[in-house]
Amino acid sequence: MIVVAKIGTSSITDDEGDIAREAIRKLCGEVAELRRAGHQVVVVSSGAIAAGLPALGLGGSKRPRDAVTLQAVAAVGQSRLMQVYGEELGGHGVVAGQVLIAPLDFMERRQYLQARGTLARLLELGVVPVVNENDAIADDEIRFGDNDRLAALVAHLVDAEVLVLLTDTPGVLTADPRLDSDASLIEEIVEVDHELEAVAGGPGTVRGSGGMATKLAAAKIASWSGVRTVIADARREHVLADAVAGAPGVGTVVVPHDRKLAARKLWIAFAVGSSGTLVVDEGARAALLGGKASLLAAGVRAVHGDFDEDDAVEIASADGRVFAKGLVRVDAATAKEIAGRRSAELPEGSPRHVVHRDDLVMLP
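The numbering of the sequence shown is the numbering used here, which starts it at 26 and goes up by one.
Below you can see the structure in the form of structure tokens.
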């Protein structure tokens, strides 16, 4: 079995924001435990910035906020973070391998296959890949933004069976425990819906970029990849082994969906932000939901937003309900110009498809 374990900055740093070696030591010990049981493990780890701040004397009140400085700090911290992982995994006779991934590795087919091949070969060689976003050169316009989503996409990439999202709470709770002392653990989630997302709220700590909301979003991605997700407390003893074994009470289990989305459509559905909305008529909606049609100009009734060719847009029915998402083949100005026109009425050279079915996904 292939297991992806993600741990966030808040779980591997102390109150001062510095890397807590003992937390990484615990994680690496549990990774080694899984490997002895015959499993292959990929670790997705945040913490590069936290590891770099002390080295540059920028911790505490001096912590920078501008993107360029944080990227520079990540460049310094990534090697220090990997040194800790290398030493702690090495203590168990395990080799760690650094893998830095960018969004384009999932968007471009050739890069996707390259990334998948590299990770597969590392696992064959007995290496534990330690994955992080390439923060040192990440483009703010095209980035994952949090490692929860990255972990879910990596789980799809390596055909994992289990994704474990390690956090500093027991799992998804019925309410924010900081506000409600009666909050209790939700042990199983069959479908991540709007009500659950509302309960999850926003970021959980000042040190991490994500919160429970990002974990539920990642669990939704994993679910539509056919991957079982467990959201659990990083401090729990044997948390990885218990998550893999399905031990009762280990955390919140998000059940995988029966239908699996292909990698490209998974990316379009969950990982690319929308730049606009196309409102379509009922005939176009029915055709798209049928699963074999592209969106033609004739079916478009309204165009909202300012988008370019190849941007992602949401597709909504006349009542405003979003039911699909896709990559457009025209910019917003052209979409407005050709909206409602039949193919024979289009200006010469205009694309026949506004959104081709290969670039279209029905939203779960």
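Idealized CB from N, CA, C, for every residue including glycine.
Since the model is a prediction, treat every value here as computed from it, not as a measurement.
Residue i vs residue j beta-carbon contact at 9 Å
i	j	result
GLY276	ARG253	no
GLU339	ALA349	yes
ALA208	LEU198	yes
ASP331	GLY365	no
GLN390	MET107	For the chain, the structure presents residues 26 to 389; residue 390 sits outside this window and is missing.
LEU303	VAL328	yes
VAL153	VAL264	no
LEU147	CYS53	no
ASP201	ILE74	no
ASP184	LYS31	no
ALA121	VAL155	yes
ASP306	ALA343	yes
ARG367	ALA337	no
Straight-line Cα distance separating residue j from residue i
i	j	result
PRO376	MET26	45 Å
SER234	SER35	Here the model assigns SER234 a pLDDT of 43, short of 50, so the residue's position is not dependable, and the following value carries that caveat. Distance between the alpha carbons of SER234 and SER35: 9 Å.
ALA243	LYS87	32 Å
ALA259	VAL28	15 Å
ILE256	TRP292	22 Å
ARG326	PHE295	25 Å
GLY236	VAL217	15 Å
PRO273	GLU213	10 Å
ARG354	GLY151	43 Å
GLY77	HIS381	44 Å
SER319	VAL269	41 Å
LEU81	THR38	17 Å
GLU186	LEU204	35 Å
ALA312	ALA288	23 Å
GLU370	ALA360	14 Å
SER299	ASP335	11 Å
ARG98	GLY374	Position check: residue 98 holds Val in this sequence, whereas Arg was assumed. Using only the alpha carbons, I get a separation of about 48 Å.
VAL231	GLY33	Note that VAL231 has pLDDT 40, beneath the 50 cutoff, so the model's placement of it is unreliable and the number below is only indicative. Cα-Cα distance, rounded: 12 Å.
ALA92	ASP171	15 Å
GLY229	ALA45	Only weak support is given to the placement of GLY229: the predicted model assigns it a pLDDT of 47, under 50, and the value that follows is read from those uncertain coordinates. Going by the C-alpha atoms only, they are around 19 Å apart.
ASP43	ARG61	30 Å
Endpoints, alpha helix (DSSP H) assigned at residue i
i	result
GLY102	92-115
GLY330	Careful: GLY330 lies outside any alpha helix (DSSP H), inside the beta strand (DSSP E) at 325-330.
THR194	That residue, THR194, is in no alpha helix (DSSP H); it is neither H nor E in DSSP.
GLY142	134-149
LEU388	Unbroken run through LEU388: none, as it is neither H nor E.
ILE246	237-248
LEU210	Unbroken run through LEU210: none, as it is neither H nor E.
ALA176	172-182
LEU265	264-270
Reference residue i; option with closest CA among the options
i	options	result
VAL69	GLY151, ALA45, GLU158	GLU158
VAL280	TRP249, LEU303, ALA287	TRP249
ARG134	LYS290, GLY345, ARG310, ALA322	LYS290
GLY84	GLU41, ALA312, ARG174, GLN65	GLU41
LEU178	VAL305, LEU286, PRO202, ALA200	LEU286
TYR110	GLU334, ILE126, SER71, GLY308	SER71
GLU58	GLU373, GLY102, VAL119	VAL119
LEU190	ARG346, VAL278, ALA357, ASP344	VAL278
GLY324	GLU47, HIS282, ALA309	ALA309
LYS51	THR143, ALA266, LEU314	ALA266
GLU149	ALA140, ALA127, GLN65	GLN65
Terminal residues of the beta strand (DSSP E) in which residue i lies
i	result
ASP258	253-258
ALA121	121-126
VAL28	27-32
PRO154	153-158
HIS378	378-380
THR199	Note, THR199: premise wrong, no beta strand (DSSP E); not H, not E.
GLY276	276-279
*Output the residue ranges of the beta strand (DSSP E) runs that lie fully inside the region 42-99 and measure 3 residues or longer, sorted by chain position.*
65-70
*Scan the region 284-358 and note each continuous alpha helix (DSSP H) run of 4 residues or more that stays entirely inside, going in chain order.*
Counting only runs of 4 or more residues that sit fully inside the region 284-358, the alpha helix (DSSP H) segments are 288-291, 307-314, in chain order.
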